[in-house]
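In the working numbering, the protein residues as written are 532 to 694.
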């Protein structure tokens with residue numbers, strides 16, 4: 532396994548876990564180089580808002596996204612390059628560098644989903660329901676799965692099915 536080969540990638544010298552709110556707030560006043568790892572992927576709430584508030588205008592800061600950010604979220608606005616964003620009720624200029632990778636994302640891309648579904652075969656899967664995603668992407672996935680011989684349904688809100 533990855534863990535057996537590599538070990539725990541989050542166990543190294545100088546790594547400090549911050550559990551208490553008071554400790555988290557202290558990070559905003561820390562002026563030495565540091566890396567803040569947060570689970571708030573969409574950036575819509577939680578402690579990450581404080582870190583952003585104090586660092587988004589810092590030319591030396593980098594905000595590194597490792598996955599998907601839904602439309603309409605602060606994370607999405609930063610990824611699309613909005614020069615000014617609202618955080619904690621204030622309009623702030625974005626001077627921090629914004630970077631992104633999908634390497635660690637839990638969201639499979641189109642090819643990943645096709646591979647995952649087709650490995651089960653259309654004899655095993657009687658019908659595929661696509662219930663989460665951007666409408667355009669779901670339509671493309673539906674089309675490709677139908678071409679591969681699968682029955683695919685994109686339910687409408689409130690629609691029910693008997694299985």
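Here a beta-carbon is modelled for each residue, glycine too, at the ideal position from N, C-alpha and C.
Assignment of residue 656 by DSSP, reduced to helix, strand and coil, places it in the coil class.
Residue nearest to residue 602 within the set 619, 683, 647 and 575 is 575 (criterion: CA-CA distance). The continuous stretches of alpha helix (DSSP H) do not include residue 622, which lies in the beta strand (DSSP E) extending over residues 621-624. The three-state secondary structure of residue 580, taken from DSSP, is helix. Counted as a single uninterrupted DSSP element, the beta strand (DSSP E) harbouring residue 594 occupies residues 593-596. The three-state secondary structure of residue 645, taken from DSSP, is helix.
Ranked by Cα distance from residue 685, the first of 694, 678 and 666 is 666. Closest in C-alpha terms to residue 562, from the list 625, 615, 589 and 677, comes 589. Between the alpha carbons of residue 659 and residue 554 lies a distance of about 46 Å. Each residue's CA atom was taken as its position, placing residue 645 and residue 629 some 30 Å apart.
As computed with DSSP, residue 588 is found in no beta bridge at all. Under DSSP, the beta-bridge partners assigned to residue 618 are 621. Contact between residue 669 and residue 661 holds, with the beta-carbon distance rounding to 5 Å and staying under 8 Å. Per the C-alpha coordinates, the member of 651, 552 and 591 positioned closest to residue 579 is 552.
In the structure shown, the three-state DSSP call for residue 632 is coil. With contacts defined by Cβ atoms closer than 8 Å, residue 596 and residue 606 form a contacting pair.
For residue 558, the enclosing alpha helix (DSSP H) stretches over residues 552-558.
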